[in-house]
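Protein chains: 2
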Amino acid sequence: MNLDNFFYPSSVAVFGSFRRGAIAYEILRNIVEGGFEGKVIPVNPKGGTVEVTGRTLKIKPRLDEPVEVAIIAIPAKFVPGLIKELKGLTKGAVVISAGFSEVGNAKLEEELVRAAKEAGIRIIGPNCAGIFGVHGKFFGSFEVRVKPGGLALISQSGAFGGAALAMGNEEGVGFSAFVSYGNAADLNESDFLRYFADDKNTKVIALYIEGVKDGRRFMEALRYAASKKPVIILKAGKSESGARAASSHTGSLAGSYEIYRAVFRQVGAIEVEEMEELFDAAKAFEMYEQAGKRVAIITNSGGPGVLATDKLESLGLEIAQLSEKTVKVLRASLPPQCSVKNPIDLIADADYGRYRRVIEVVCQDDNVDALLVICVPPIFIPSEEIARAVIDAKCNKPIIVNFMAGELVREGIRLLESHGIKNFPTPERAARAIAWLAKRQDF
Amino acid sequence: MNLDNFFYPSSVAVFGSFRRGAIAYEILRNIVEGGFEGKVIPVNPKGGTVEVTGRTLKIKPRLDEPVEVAIIAIPAKFVPGLIKELKGLTKGAVVISAGFSEVGNAKLEEELVRAAKEAGIRIIGPNCAGIFGVHGKFFGSFEVRVKPGGLALISQSGAFGGAALAMGNEEGVGFSAFVSYGNAADLNESDFLRYFADDKNTKVIALYIEGVKDGRRFMEALRYAASKKPVIILKAGKSESGARAASSHTGSLAGSYEIYRAVFRQVGAIEVEEMEELFDAAKAFEMYEQAGKRVAIITNSGGPGVLATDKLESLGLEIAQLSEKTVKVLRASLPPQCSVKNPIDLIADADYGRYRRVIEVVCQDDNVDALLVICVPPIFIPSEEIARAVIDAKCNKPIIVNFMAGELVREGIRLLESHGIKNFPTPERAARAIAWLAKRQDF
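For the protein sequence lines, the chains are A and B, in the order given.
Read in order, the letters of the first sequence correspond to residues 1 to 443 in the UniProt record's numbering.
Read in order, the letters of the second sequence correspond to residues 1 to 443 in the UniProt record's numbering.
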């Protein structure tokens, strides 16, 4: 099902109050500030004008021309009526308004669904945080805007989604789209999975779910999506108390976690355990589709190299056995204090040339599938130099980078990111990133 | 053994080159910029002066007066000779210089140890990154200076230690001391464990080790330290390849990890699996000595509450069963959409009053041992308000806080930190923090 009208609209109408601070106002502001290039129509029966970031927009008392998508943030009880009015004027509506089944008002939600069906309008929500189509510069939500990239985030929980956008953005994740689907009265996770599976700007899909309503449909959609690109899942409500909490939160039956887990494995989806892992996996898959299991570690400090080694092994990966040729070439070109066994320790004074040469030599070794490059703050040279070595090195295998620590390598990390290379802040998180890439190859 | 002369010296001599960028210069700069209030004497046979942060210091060609500690960053081969010269002038020397047993020069290291013994000087190092006594404003290392607090970090790997200082500092950890002990020719992890166990500014000790030389001595020191305060351990070289890498890095026999693990458990040390966990555990123990297992979760968003619930249960903690009285009081004072079952969902418009009241009510429930307070960016109020509620709430039980996400709650987190309340960036990391506190109580 094509949802381009939601995520790449050429026109949008926003319904609600345009007082500063009101939800509809905040969404309008986000759309305008985000640089949306299509038509934007604020709608409120009172009419008037609204000022957003220096632009004055006329508020229409009612919508009188077709738009590709409507965003609705008016009191719940008026929503079904508005949907009827929109018949013929739009094919898609995002209902932000709360006050439906999530507060026990199932009847109003049924009314909404009926109205939408009769009007030929598909609904996202109600009780949701809205949507982003980042590559269409369409920020149809009050959540913080994010940098463009490859991740489509589908979240059952609006607040989780909002927090994940803000944190992911800071962690260096790039987004293609975001959808908070709330009560899923009409469109739900299965529809979005299928749509983003075919969306050309989406490289990886991440899904936060507590439960689904139609298990069979979900499984088929997940299978389809995972056959096209990596799908990362954070399933909440796994424990007994968690499932109870989820049921009181989204009203969804969390169901037996064992069944979910079996399904995730069967279709090749990547299940993560924690919010932070979701970002890390997304970053890895934004860069690479997959990786093999035999990893070479290149570091300028022994300790972090050992930590990475431990983590890789505990995750079922292999510390690559370097070929004799590689060892020979490394031995000939490195200072005697360097360790040329994997993990390869370039020691504290490693510079641009040493890093770049070693990355290129190791990359050509047939025993190596992926590289983990670690850099602790070099003492006498700026971290940008090492970043530059990673950027310049000719290597056609996945390279996962761990520059630490914080402030001291900030510039290096910035330079890497400007070249599409995402940083993982600890050796263990970098190791886990490779493990996810390898899981995908395994499947 | 009293090591106050190392960590709270009233005078220090630094030996080495004072060219800008040289190791001795960087250490001198760190000492001066760090606000050291004792006497600082740069020593180099060439004499002259050195300018540091606007101050001009006279370089003595040789040390001719007693100091509490000497920091030595001269070529390795000259170190034993210098130690002999220092007889009677100091009782402690930190040898930064590399080029001893770690590069196969065991003989020079033996010579160093012999000279030190004869001179009555205790040695930290050689081949180390130096030491910090943060509360004595003594930054005797080239590593980045850190904020004062309760963590004493003992690191076998200098580079790991340096990275951990920088990252910990950014993560909100406060430090009492740091010691990188390098080759451990004389003083080693056991001495530092015992010393920090009795140091009044140290609330928690963290130890990064790859291996130890004297297992029995280590076990006794660890037992002693863990009987006094929480000891967090990150053991590297756990896997087969990791142990091999460790042996080539610090030359230490990593030994069977199973034995280490049994010892850690037996003495009640807290073993963490990852670098990031080391910071999180340290933060938790800087605030609290321990906690019980029954946790109440208070949140303004359902999803993160469910994630915290899952993680707590998977870590063996309990979601507290609130007393009837608590439920009644909460029900009476909260809007009907709020969930008064644990996790307690205060919903999106929760403000100062709602958070504070609920924290105080829940804190008085005898079924509750600890509180996990979650805050996603409130839509209509600044996060500082919620931070203020946590600060003002009268509660004598451990409260672990998870404010997310990033930029949007930055001011709230800053306010919390200025009141000694450390933030955990995800629900799962906050849950794990409580699990460590509970482990300590269990023991």
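Even glycine gets a Cβ: it sits at the ideal position worked out from N, Cα and C.
Closest by C-alpha distance to residue i, when choosing among the options
i                      : options                       : result
residue 158 of chain A : B:62, B:377, B:35 and B:327   : B:377
residue 41 of chain A  : A:322, A:89, A:226 and A:287  : A:89
residue 75 of chain B  : B:87, B:438, B:51 and B:108   : B:108
residue 209 of chain B : B:345, B:391 and B:243        : B:243
residue 323 of chain B : B:311, B:366 and B:344        : B:366
residue 93 of chain B  : B:184, B:261 and B:99         : B:184
residue 230 of chain A : A:181, A:441, A:369 and A:237 : A:441
residue 288 of chain A : A:401, A:330 and A:388        : A:401
residue 84 of chain B  : B:117, B:336 and B:258        : B:117
residue 384 of chain A : A:414, A:98 and A:430         : A:414
residue 53 of chain B  : B:77, B:20 and B:343          : B:20
residue 160 of chain B : B:172, B:144 and B:407        : B:144
residue 237 of chain A : B:364, B:394 and B:311        : B:311
residue 388 of chain A : A:397, A:368, A:409 and A:369 : A:409
Residue i to residue j span [Cα, whole Å]
i                      : j                      : result
residue 73 of chain A  : residue 300 of chain A : 54 angstroms
residue 296 of chain A : residue 432 of chain B : 31 angstroms
residue 47 of chain B  : residue 60 of chain B  : 5 angstroms
residue 411 of chain A : residue 199 of chain A : 33 angstroms
residue 260 of chain A : residue 278 of chain A : 17 angstroms
residue 114 of chain B : residue 82 of chain B  : 13 angstroms
residue 96 of chain B  : residue 127 of chain B : 5 angstroms
residue 341 of chain B : residue 320 of chain A : 51 angstroms
residue 226 of chain A : residue 239 of chain A : 25 angstroms
residue 404 of chain A : residue 168 of chain B : 11 angstroms
residue 444 of chain A : residue 55 of chain B  : This structure cannot settle anything about residue 444 of chain A, because the visible part of chain A is limited to 1 through 443.
residue 325 of chain B : residue 216 of chain A : 43 angstroms
residue 165 of chain A : residue 439 of chain A : 25 angstroms
residue 212 of chain A : residue 176 of chain B : 50 angstroms
residue 291 of chain A : residue 181 of chain A : 32 angstroms
residue 222 of chain B : residue 131 of chain A : 54 angstroms
residue 364 of chain B : residue 396 of chain B : 9 angstroms
Residues near residue i by beta carbon distance below 6 angstroms, same chain, minus five either side
i                      : result
residue 13 of chain A  : 41, 43, 63, 67 and 70
residue 436 of chain B : 270, 281 and 284
residue 219 of chain B : 263
residue 8 of chain A   : 133 and 136
residue 57 of chain A  : 42 and 50
residue 526 of chain A : The structure shown does not extend to residue 526 of chain A, since chain A spans only 1 to 443, so no value can be given for it.
residue 517 of chain A : The structure shown does not extend to residue 517 of chain A, since chain A spans only 1 to 443, so no value can be given for it.
residue 36 of chain A  : 137 and 138
residue 171 of chain A : 279
Proximity test, residue i beta-carbon vs the ligand MG heavy atom, cut-off 7 angstroms
i                      : result
residue 285 of chain A : Questions concerning the ligand MG fall outside what the structure shown contains, since it holds no ligand whatsoever.
Per DSSP, cross-strand counterpart(s) of residue i
i                      : result
residue 345 of chain A : A:299 and A:339
residue 148 of chain B : B:175
residue 16 of chain A  : A:73
residue 56 of chain B  : B:51
residue 375 of chain A : A:403
residue 423 of chain A : A:401
residue 95 of chain A  : A:72
residue 208 of chain B : B:155 and B:234
residue 259 of chain A : Residue 259 of chain A is not bridged to any residue.
residue 318 of chain A : A:294
residue 123 of chain B : B:93
Interface flag, residue i vs chain D, CB-CB below 8 angstroms
i                      : result
residue 376 of chain B : The structure shown contains no chain D; its protein chains are A and B.
Proximal residues to residue i (C-beta, below 7 angstroms), its chain only, five neighbours per side dropped
i                      : result
residue 419 of chain A : 391
residue 195 of chain B : 1 and 3
residue 22 of chain A  : 16
Residues near residue i in its chain [Cβ-Cβ closer than 8 angstroms; skip 5 each side]
i                      : result
residue 274 of chain B : 234
residue 379 of chain A : 348 and 349
residue 112 of chain A : 79, 80, 83, 95, 100, 123, 126 and 185
residue 28 of chain A  : 14, 18, 40, 42, 50, 52 and 57
residue 298 of chain B : 343, 344, 346, 355, 358, 359, 362, 371, 372, 373 and 374
residue 334 of chain A : 340, 346, 354 and 358
Touch test, the segment 195-207 of chain A against the segment 149-161 of chain A, Cβ-Cβ under 8 angstroms, three pairs minimum: yes
Contact the segment 268-282 of chain A vs the segment 130-139 of chain A: 3+ CB pairs below 8 angstroms: no
Segment contact, 8 angstroms Cβ cut-off, at least three pairs: the segment 178-188 of chain B with the segment 416-427 of chain A: no
At least 3 beta-carbon pairs within less than 8 angstroms: the segment 358-366 of chain A vs the segment 299-315 of chain A: no
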